[in-house]
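Presented below is the structure to which this report refers.
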Amino acid sequence: MNDKLFKISMASIAVIFTGIFCAVVLPPLIQNPDIVAAFGAGFVNPYASGYSADVLLCWLVLAVWIVYERKTLKVKHGWWCLLLAMMPGVAVGFPVYLMVRLKQVRQESVNQE
Numbered sequence: 364m365n366d367k368l369f370k371i372s373m374a375s376i377a378v379i380f381t382g383i384f385c386a387v388v389l390p391p392l393i394q395n396p397d398i399v400a401a402f403g404a405g406f407v408n409p410y411a412s413g414y415s416a417d418v419l420l421c422w423l424v425l426a427v428w429i430v431y432e433r434k435t436l437k438v439k440h441g442w443w444c445l446l447l448a449m450m451p452g453v454a455v456g457f458p459v460y461l462m463v464r465l466k467q468v469r470q471e472s473v474n475q476e
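Read left to right, the sequence shown gives residues 364 to 476 (the working numbering).
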């Protein structure tokens, strides 16, 4: 896969998830703007709880990865991706981080040559 296809794929995933998130989550959140209740609704049954736990831990994995690469590879602006991973979700923050990272890591490898 070349860089262009990778970037298109990552951006498409982020846009698709954002559309789904807006269509599914925003209407009930507008009707009842209780963020704590909305968060708790992700744990209403064992299946939803499993998916919600997965999402929360994937966010944590992303956070550890971003902090690690900030120190080791000097990847900048990863914290923006953590905010995106909180709202609308990891399916946005993760691909955006991969695109940010790709650009910076490639640029650094060119500078070292």
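Virtual Cβ for every residue (Gly too), placed ideally from N, Cα, C. Predicted model, so just to flag it, every value in this text is computed and none were measured.
Report the rounded CA-to-CA distance for residue i versus residue j, giving the unit in angstroms.
i: V378; j: V455; result: 7 angstroms
i: R464; j: W428; result: 11 angstroms
i: K437; j: P458; result: 18 angstroms
i: V387; j: H440; result: 29 angstroms
i: I398; j: K370; result: 32 angstroms
i: N395; j: G403; result: 13 angstroms
i: S412; j: W422; result: 15 angstroms
Closest by CA to residue i, which one among the options?
i: A426; options: G413, I376 and Y460; result: Y460
i: F384; options: Y431, C444 and M449; result: M449
i: V468; options: I393, A416, K434 and L447; result: K434
Looking at the ligand ZN, does it come within less than 7 angstroms of residue i, judged from the CB to the closest heavy atom?
i: I371; result: Judged by which ligands are present, the structure shown has none, so any question about the ligand ZN falls away.
Hey, quick one: how far does the alpha helix (DSSP H) through residue i stretch, first residue to last?
i: L436; result: Note, L436: premise wrong, no alpha helix (DSSP H); not H, not E.
i: D366; result: D366 to V387
i: P458; result: V453 to Q475
Are residue i and residue j touching if we call contact CB-CB under 8 angstroms?
i: G452; j: F380; result: yes
i: A401; j: L389; result: no
i: M462; j: M373; result: yes
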